[in-house]
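Number of protein chains: 2
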Amino acid sequence: MVTNTRFGIIGGGALGGLYGCLLAKAGYEVHFLLHSDVDHVRRHGWKVETPLGDFELADVLVHASAESMPPCDVTVVALKTTQNGILAELLPKPTSQGGRVLVLQNGLDIERDSAAVVGPERVLGGCCFLCSNKVGPGHVRHLDHGRILLGDYHPSGEQVSQHALAICDDLVHAGIDAKVVADLATARWKKLIWNIPFNGLSVALNASTDELMDNPESCALARSLMKEVHQAAAACGSVMSGRVIETTLEVTREMVPYDSSMRLDYLNHRPMEVEAIFGNPIRAAIERGCEMPRVQVLYRQLLFLNQQRLASRIAAQ
Amino acid sequence: MVTNTRFGIIGGGALGGLYGCLLAKAGYEVHFLLHSDVDHVRRHGWKVETPLGDFELADVLVHASAESMPPCDVTVVALKTTQNGILAELLPKPTSQGGRVLVLQNGLDIERDSAAVVGPERVLGGCCFLCSNKVGPGHVRHLDHGRILLGDYHPSGEQVSQHALAICDDLVHAGIDAKVVADLATARWKKLIWNIPFNGLSVALNASTDELMDNPESCALARSLMKEVHQAAAACGSVMSGRVIETTLEVTREMVPYDSSMRLDYLNHRPMEVEAIFGNPIRAAIERGCEMPRVQVLYRQLLFLNQQRLASRIAAQ
């Protein structure tokens, strides 16, 4: 049953656009806070291509500023983590009546910036497994997958909060493959086992995931990076089976040729999410006395590349 | 005094061309074994630009095949290490009367391939500090430096061989800044402290040495790689002062903007000397129980890039 939960979606990219549209299509009240697409979506609505069935959405509730948003029950943070600096401006209005924040971002401990605004007990995080691209203004192409593993940012004991369960129900009603997890941190570390080697190497070596898997050197390098992440996760309390590394490699080998989000950002001259995906896990592990020397090499290489891109962009202006 | 030492120079690149020409100019009998330049040099001789004084060299003793070379007292191996597979064909003729082999190549234990042909006791190695480019057929542009630290490949105790001293004298007579060292391995490790970070990162990050030094992330990464090489060297018996790392960084900061030999190879679609500069030191250290995890990341990245280049070159044929 569709409840009267009111959603705010902060960010109209491939992820926020897709999930927001699925919720709106299901009958939920969804308010989009958009930046570059605001006029286009206001006039023409959304266009969504998805294996769930293509659809268009007219009469969308669109906002150019957080100030015009109503108080929402759930405010979904669907920005890149590189934009987290503006959350302090964007979140207060839609969360003004005590609603929850659901952070659908990549990386580790990226809920911290939202928690600094609304308090950690009101924050949930979602780990998304989604192949979706923004192909034009107001136009999302969802290719594959779409699962969200969501959980409380600061869980109280083993218990999953009622809020997490309720939000998950809403997402499932909208046709989204959502699932509540008691241990969000472990879900995030598990995703990092893929993200750290394949986001990092795809940029550092300018290669797609299938090129990385086909070459024995890059494949061995990916495996050695995964081992470090696996150990770091355990040091941080997220103990995973040793099988997770080989399983992740097998799944990657079977994937359709796929460009990681970080590679797409790099190729499109956007800032990469280096701190969320590399810096935060490295620092979390060091706090527990665990070093990831190989991951650190990739981290510094990506920071270098990020800074070179930024410098050349400034020079071009 | 110029002796009657007869030199054979295997390879007419920026290094073999320069040193061979300086020896010939000084009056030594020098036989060049050339590949692509053989006709040009036979007809037009060598042209050498150097801070020591530009000169041209006519009537050069040029060979297109090792079979036409006479027995030489000193056969200088001035090929890239990636070509060492052909030394078994090239060395027997010029060394047939018991002459010595002087290996002027980059990396660690790269004398092994020459030693396999003539025996280790007849092999010397030289560690070159040279900025020199091949700018056209038979045309060498020597920019800066030129020192050779040479020593016996298999030293007998602390003593430097008479052969090493005699060859050094000849080089010095030809105006070359040559010096005999008792411990060739340590000289090679010391050079690797520069070569491993700056050859490797200049390719992996597509950057010149000044760009790498100017960025705090790549500079910190270079330092962490240097520390691993420093420790590995010590594990292999080449103990160096801890100051060598900061000194090398300072010297690099003061360098004119400079492309490492590996970057030039990469940019010019030539195979890179990955095994000589990375693989051999990594394996030598592992044999002594010392891992270099950061260096291994760079090693595998370079192997990947080398193989991708090779694959695209084959595909283009």
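So the protein sequences, as listed, match chains A and X. Residue numbering for the first sequence follows my numbering, beginning at 1 and increasing consecutively. Residue numbering for the second sequence follows my numbering, beginning at 318 and increasing consecutively. We put the beta carbon where it would ideally sit given N, CA and C, even for glycine.
Query: Using alpha carbons as the reference points, say which of Gly442(X), Glu563(X), Leu509(X) and Ser577(X) lies closest to Val546(X).; Result: Leu509(X)
Query: Along the alpha helix (DSSP H) that carries Asp169(A), what are the first and last residues, could you check?; Result: Gln162 to His173
Query: In terms of alpha-carbon separation, which member of Leu529(X), Arg587(X), Tyr583(X) and Glu534(X) lies closest to Val573(X)?; Result: Leu529(X)
Query: Between Gln301(A) and chain X, is there a C-beta pair that is closer than 8 angstroms?; Result: yes
Query: Taking the runs of the beta strand (DSSP E) that are 3 residues or longer, which of them lie wholly in the segment 393-449 of chain X?; Result: 417-420
Query: Taking the runs of the alpha helix (DSSP H) that are 4 residues or longer, which of them lie wholly in the segment 200-235 of chain A?; Result: 209-214 and 216-235
Query: Leaving aside the five residues before and after Ala115(A) along the sequence, list all residues of the same chain whose C-beta is less than 7 angstroms from its C-beta, in chain order.; Result: Val123 and Tyr153
Query: Any beta carbon of chain X sitting closer than 8 angstroms to that of Phe304(A)?; Result: yes
Query: Out of Thr95(A), Arg309(A) and Ala66(A), point me to the one whose CA is closest to Val74(A)'s CA.; Result: Thr95(A)
Query: Could you tell me whether any Cβ in chain X is nearer than 8 angstroms to the Cβ of Glu217(A)?; Result: yes
Query: Classify Ile484(X): buried if its beta carbon has 16 or more other beta carbons within 10 angstroms, exposed otherwise.; Result: buried
Query: Ignore the nearest five residues each way along the sequence and tell me which others in Ala64(A)'s own chain have a CB closer than 6 angstroms to its CB.; Result: Val38
Query: Check whether the segment 98-108 of chain A touches the segment 132-145 of chain A, counting contact only when three or more Cβ pairs, one atom from each stretch, lie closer than 8 angstroms.; Result: no
Query: Flag Val546(X) as yes if its beta-carbon sits less than 8 angstroms from any beta-carbon of chain A, otherwise no.; Result: no
Query: At least one CB of chain A closer than 8 angstroms to the CB of Ala537(X): is that the case?; Result: yes
Query: Under the DSSP definition of a beta bridge, which residues are partnered with Ser156(A)?; Result: Gln159(A)
Query: Given 8 angstroms as the limit, is there contact between the segment 487-496 of chain X and the segment 328-345 of chain X, that is, 3 or more CB pairs closer than that?; Result: yes
Query: Is Ala495(X) helix, strand or coil when you go by DSSP?; Result: strand
Query: Does Arg253(A) come within less than 8 angstroms of chain X when only Cβ atoms are used?; Result: no
Query: Looking only at C-alpha atoms, which of Leu488(X), Gly554(X), Glu563(X) and Gly559(X) sits nearest to Pro598(X)?; Result: Gly554(X)
Query: Starting from the beta carbon of Ala593(X), find every residue of chain A whose beta carbon is closer than 8 angstroms, and list them in chain order.; Result: Correct list: empty, because the minimum Cβ distance to chain A is about 17 angstroms.
Query: With 7 angstroms as the limit, tell me which residues of the segment 506-536 of chain X have their beta carbon closer than that to any beta carbon of chain A; keep them in chain order.; Result: Ala521, Leu522, Asn532, Glu534 and Ser535
Query: Go ahead and pull the three-state DSSP assignment for Glu366(X).; Result: strand
Query: Do you know offhand how far Val434(X)'s Cα is from Leu404(X)'s?; Result: 8 angstroms
Query: Rounding to the nearest angstrom, what Cα-Cα distance links Thr503(X) and Glu590(X) in this structure?; Result: 20 angstroms
Query: Find the nearest neighbour of Arg611(X) within the set Ala550(X), Glu373(X), Asp576(X) and Ser541(X), judged by alpha-carbon distance.; Result: Ser541(X)
Query: DSSP three-state label for His586(X), please.; Result: coil
Query: Closer than 7 angstroms by beta-carbon distance: list the chain X residues that pair up with Arg223(A), in chain order.; Result: None at all; the shortest Cβ gap to chain X is about 10 angstroms.
Query: Does Leu298(A) come within less than 8 angstroms of chain X when only Cβ atoms are used?; Result: yes
Query: What does a CB cutoff of less than 6 angstroms around Gly125(A) pick up in its chain, not counting 5 residues either side in sequence?; Result: Val103, Glu111, Tyr153 and Leu184
Query: Does Asp113(A) pass the burial test, meaning 16 or more other C-beta atoms within 10 Å, or should it be called exposed?; Result: buried
Query: For Arg294(A), go through chain X and note every residue whose CB falls closer than 8 angstroms to its CB, in chain order.; Result: Pro610, Arg611, Gln613 and Val614
Query: Check the Cβ-Cβ distances between Gln624(X) and every residue of chain A, and say whether any is below 8 angstroms.; Result: yes
Query: So does the segment 345-365 of chain X actually touch the segment 450-466 of chain X, counting three or more Cβ pairs closer than 8 angstroms?; Result: yes
Query: Using CA atoms only, rank isn't needed, just tell me which of Met1(A), Ala26(A) and Val30(A) is closest to Ile10(A).; Result: Val30(A)
Query: So, Val393(X) versus Gly325(X), is the Cβ gap smaller than 8 angstroms?; Result: yes
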